[in-house]
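S.K.: Taken in order, these protein sequences are the chains called P and G. Start counting the first sequence at 61; every next residue gets the next number (the working numbering). Start counting the second sequence at 61; every next residue gets the next number (the working numbering).
There are 2 protein chains.
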Amino acid sequence: MEIEAIAHIHTGFPEKFGIPRQSGLVEEAEGRIVFVPKYRQPDALRGIREYDYLWLIWDFSENHRTEWCATVAPPRLGGRERVGVFASRSPFRPNPLGLSCVKIREVDEEACEITVSGVDMLDGTPIYDIKPYLPYADAHPEARGGFSDVTKEHALSIRIPAELEEKLTPEERAAVTGILKQDPRTAFIHDEERVWGVSYGALNVRFRVRGGEAEICEITRGGNL
Amino acid sequence: MEIEAIAHIHTGFPEKFGIPRQSGLVEEAEGRIVFVPKYRQPDALRGIREYDYLWLIWDFSENHRTEWCATVAPPRLGGRERVGVFASRSPFRPNPLGLSCVKIREVDEEACEITVSGVDMLDGTPIYDIKPYLPYADAHPEARGGFSDVTKEHALSIRIPAELEEKLTPEERAAVTGILKQDPRTAFIHDEERVWGVSYGALNVRFRVRGGEAEICEITRGGNL
Numbered sequence: 061m062e063i064e065a066i067a068h069i070h071t072g073f074p075e076k077f078g079i080p081r082q083s084g085l086v087e088e089a090e091g092r093i094v095f096v097p098k099y100r101q102p103d104a105l106r107g108i109r110e111y112d113y114l115w116l117i118w119d120f121s122e123n124h125r126t127e128w129c130a131t132v133a134p135p136r137l138g139g140r141e142r143v144g145v146f147a148s149r150s151p152f153r154p155n156p157l158g159l160s161c162v163k164i165r166e167v168d169e170e171a172c173e174i175t176v177s178g179v180d181m182l183d184g185t186p187i188y189d190i191k192p193y194l195p196y197a198d199a200h201p202e203a204r205g206g207f208s209d210v211t212k213e214h215a216l217s218i219r220i221p222a223e224l225e226e227k228l229t230p231e232e233r234a235a236v237t238g239i240l241k242q243d244p245r246t247a248f249i250h251d252e253e254r255v256w257g258v259s260y261g262a263l264n265v266r267f268r269v270r271g272g273e274a275e276i277c278e279i280t281r282g283g284n285l
Numbered sequence: 061m062e063i064e065a066i067a068h069i070h071t072g073f074p075e076k077f078g079i080p081r082q083s084g085l086v087e088e089a090e091g092r093i094v095f096v097p098k099y100r101q102p103d104a105l106r107g108i109r110e111y112d113y114l115w116l117i118w119d120f121s122e123n124h125r126t127e128w129c130a131t132v133a134p135p136r137l138g139g140r141e142r143v144g145v146f147a148s149r150s151p152f153r154p155n156p157l158g159l160s161c162v163k164i165r166e167v168d169e170e171a172c173e174i175t176v177s178g179v180d181m182l183d184g185t186p187i188y189d190i191k192p193y194l195p196y197a198d199a200h201p202e203a204r205g206g207f208s209d210v211t212k213e214h215a216l217s218i219r220i221p222a223e224l225e226e227k228l229t230p231e232e233r234a235a236v237t238g239i240l241k242q243d244p245r246t247a248f249i250h251d252e253e254r255v256w257g258v259s260y261g262a263l264n265v266r267f268r269v270r271g272g273e274a275e276i277c278e279i280t281r282g283g284n285l
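#1: Go ahead and label K287(G) buried or exposed: buried means 16 or more other beta carbons lie within 10 angstroms of its beta carbon, across all protein chains shown.
#2: Run through the DSSP bridge pairs and tell me what I174(P) is partnered with.
#3: Run the CB neighbour count on N284(P), radius 10 Å, all protein chains shown included, and call it buried at 16 or more, exposed below.
#4: Would K98(G) be called buried (16 or more neighbouring beta carbons within 10 Å of its own) or exposed?
#5: In terms of alpha-carbon separation, which member of E87(P), E64(P) and E141(P) lies closest to S121(P)?
#6: Which residue wins for smallest C-alpha separation from F267(G), given the options S160(G), I239(G) and P135(G)?
#7: Checking contacts by CB at 8 Å: is S177(G) closer than that to chain P?
#8: Helix, strand or coil for L85(G), going by three-state DSSP, please let me know.
#9: Find out if the Cβ-Cβ distance for the pair G178(P), K163(P) is shorter than 8 Å.
#10: Got a sec? Which residues, its chain only, sit under 7 Å from S208(G) by beta carbon, not counting five neighbours each side?
#11: When the cut-off is 8 Å and only beta carbons count, does P154(P) lie next to chain G?
#12: At a Cβ cut of 8 Å, what residues of the region 137 to 149 of chain G count as close to chain P, listed as they run along the chain?
#13: Could you please give the first and the last residue of the uninterrupted alpha helix (DSSP H) stretch that includes V236(G)?
#14: For D119(G), count neighbouring C-beta atoms within 10 Å of its own C-beta (all shown protein chains included) and say buried if the count is 16 or more, exposed if not.
#15: Any idea if A222(P) is buried or exposed, counting beta-carbon neighbours within 10 angstroms, 16 or more meaning buried?
#16: Any idea if G271(P) is buried or exposed, counting beta-carbon neighbours within 10 angstroms, 16 or more meaning buried?
#17: Output, in chain order, the set of chain G residues within a Cβ distance shorter than 9 Å of H200(P).
#18: So E223(P) is in the alpha helix (DSSP H); what residue range does that whole segment cover?
#19: Closer than 8 Å by beta-carbon distance: list the chain P residues that pair up with I79(G), in chain order.
#20: Could you check what DSSP says for N155(P) in three-state terms: helix, strand or coil?
#21: Taking the alpha-carbon positions, what's the Y112(P) to E202(P) distance?
#22: In chain order, what residues of the same chain lie with their CB nearer than 8 Å to the CB of P151(G), ignoring the 5 residues before and after it?
#23: Would the C-beta of G139(G) count as close to the ligand ATP, meaning under 7 Å from any of its heavy atoms?
#24: If you check the beta carbons only, do Q242(P) and A197(G) fall under 8 Å apart?
#25: Of all Cβ atoms in chain P, is any one closer than 8 Å to the Cβ of Y99(G)?
#26: Which chain G residues sit within Cβ distance under 8 Å of T71(P)?
#27: Can you tell me whether D189(P) is helix, strand or coil according to DSSP?
#28: Comparing C-alpha positions only, which one of P244(G), Y260(G) and R281(G) sits nearest to G56(G)?
#29: CA-CA distance, P186(G) and E173(P)?
#30: What would DSSP say about V258(G), mapped onto helix, strand or coil?
#31: Taking the continuous beta strand (DSSP E) assigned at D119(G), which residues delimit it?
#32: Quick one: is R106(P) near chain G, going by C-beta distance under 8 Å?
#33: Spatial neighbours of E87(P) within its chain, please: CB distance less than 8 Å, with the 5 preceding and 5 following residues excluded, ordered by chain position.
#34: Which bits of chain P does L182(G) rub up against, with CB to CB less than 8 Å?
#35: Taking only beta-carbon positions, decide if A130(G) is within less than 8 Å of chain P.
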């Protein structure tokens, strides 16, 4: 089947490193859904304000491959253990479709734009479908979460030196903290001297991780926003 | 983007009438996911038993259209009021992708088949992706459910005359009761004399609805299972 983008989402993530590994994990990370001209019809959004969350089905656009592999090595398992691709939400899938649950922040019917939070997509990601979240069918809080259950409590504490903190707006501070807390490092590289860099919107943030603490060592502005 | 079926799901629903309007509504309705030869690799299912639910992204194969319409008329709103297509889970969407949350019943790694329950697809529906349900990202039981909140309590009571009930196995009885409880009638036809027919697996069930009660008036066997 041939599917086409109905919209694109603009997020603060210009590159893959640092993107939260699931939707909703970094609530402060916002995105703006902009419909392509063909689907830019305010009527198509009628009633959408009566929901709190949306499902987005989107394109793992940076992860198209011609070959498929039956197993993947999730970062949450240290990148060494392999599980079946259908037992994971890995981007490396036979059909590179992503599924995210995002919170509705603002609906601009006139411009046909929706601002959402809790995003986990690269800036400019093509979106194929938007569906309302129906708690009576979609919410199973008691469900077992497989291997992700074991590691979901893993979070870094964050240290931002005062002179760097004052470079950030409160929104930026919240988003950057949320992103670093998730521990964006490659699972099997845990060198305490290594300086990592993550981009969020106009910010470039450099940090080190020692023990369970991420310390920001440099913040610069620039980039694509 | 071009996507291809990784599997098909075999369900008891040979026709659209009677299919539950969301996944999970009729828990007794089972389906069997059978992978296409290319993706029939037991490794691809490794670890899937550690989850309770799966997401299926599938093809509304009976609802392909060349034109799109910005609004739809959900049966839950009586079929007369229209809402935006992106504020509904209607099958008539720009990209005819369905999204269902189904419960895992049985995993047969060797045959590479998964039996699930709570299905809402036509028999033979092509499946494009299977992802594990992650409660920490996917469960929002407190979310508002839009127009579906108003009507979710609507359920018919079911009367099965004793001489018909004995024609059913306990599983069939549970599934048929679940299907009729959801009130499969076309929203705007509520003629109390009308006899409706629904197929489930080998069964053809004829029923009437009077007030809030569905009474089964005939059960025959035949059909495609």
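From the three backbone atoms N, C-alpha and C, an ideal C-beta is built for every residue, glycine too.
M.R.: Taking the definition as stated:
#1: Residue numbering for chain G in the displayed model covers 61 to 285; residue 287(G) lies beyond these limits and cannot be assessed.
#2: According to DSSP, which records beta bridges pairwise, I174(P) is partnered with I93(P) and V167(P).
#3: With a pLDDT of only 48 at N284(P), under the threshold of 50, the placement of this residue in the model should not be trusted; the figure read from the coordinates follows. Exposed: under 16 other Cβ atoms inside 10 Å.
#4: Around the beta-carbon of K98(G), fewer than 16 other beta-carbon atoms lie within 10 Å, marking it exposed.
#5: When each option's Cα is compared against that of S121(P), the closest is E64(P).
#6: Taking only the C-alpha atoms, the option nearest F267(G) is I239(G).
#7: At a cut-off of 8 Å between C-beta atoms, S177(G) does not count as an interface residue with respect to chain P.
#8: Note: L85(G) maps to coil in three-state DSSP.
#9: The answer is yes: Cβ separation under 8 Å.
#10: So the list reads R136, once near-sequence residues are dropped.
#11: Yes, its Cβ sits closer than 8 Å to a Cβ of chain G.
#12: Only those residues of the region 137 to 149 of chain G whose C-beta falls short of 8 Å from the nearest C-beta of chain P are listed: R142, V143, G144, V145, F146, A147, S148 and R149.
#13: Looking at the DSSP string, the run of the alpha helix (DSSP H) that includes V236(G) is P230 to K241.
#14: Residue burial is scored here from C-beta neighbours: D119(G) has at least 16 other C-beta atoms within 10 angstroms and is therefore classed as buried.
#15: If you draw a 10 Å sphere on the C-beta of A222(P), you find fewer than 16 other C-beta atoms in it, and that means exposed.
#16: Exposed, since its Cβ has fewer than 16 Cβ neighbours within 10 Å.
#17: Against H200(P), the close residues of chain G are G84, D112, Y113, C161, K163, Y193, P195, D198, A199 and P201, in the order they occur along the chain (beta-carbon pairs closer than 9 Å).
#18: Per DSSP, E223(P) belongs to the alpha helix (DSSP H) from A222 to E225.
#19: Going along chain P, no residue has its Cβ under 8 Å from I79(G), so there is no contact; the nearest lies around 14 Å.
#20: In the three-state reduction of the DSSP assignment, N155(P) falls in the coil class.
#21: The sequence shown places Asp at residue 112(P), rather than the Tyr named in the question. Cα to Cα, D112(P) sits roughly 20 Å from E202(P).
#22: Non-local beta-carbon contacts of P151(G) in its own chain, meaning distances under 8 Å to residues more than five positions away in sequence, involve F120, E122, N123 and G158 in chain order.
#23: Of ligands this structure carries none, so the ligand ATP is not represented either.
#24: Result no, Cβ atoms of Q242(P) and A197(G) do not sit closer than 8 Å.
#25: Y99(G) counts as touching chain P.
#26: In chain order: nothing, as chain G lies at least about 17 Å away.
#27: DSSP places D189(P) in strand when its eight states are reduced to three.
#28: Because residue 56(G) is not part of the residues shown, which for chain G are 61 to 285, the question remains open.
#29: Distance between the alpha carbons of P186(G) and E173(P) is about 32 Å.
#30: In the structure shown, V258(G) sits in a strand (DSSP, three-state: E or B).
#31: Taken as a continuous stretch (DSSP letters only), the beta strand (DSSP E) holding D119(G) covers Y113 to D119.
#32: With respect to chain G, the C-beta atom of R106(P) has a partner C-beta closer than 8 Å.
#33: Closer than 8 Å at Cβ, skipping near neighbours: K163, S177, G178 and G238.
#34: Chain-ordered listing is empty here: chain P has no CB closer than 8 Å to the CB of L182(G), the nearest sitting near 15 Å.
#35: Yes, A130(G) lies at the interface with chain P (some Cβ there is under 8 Å from its Cβ).
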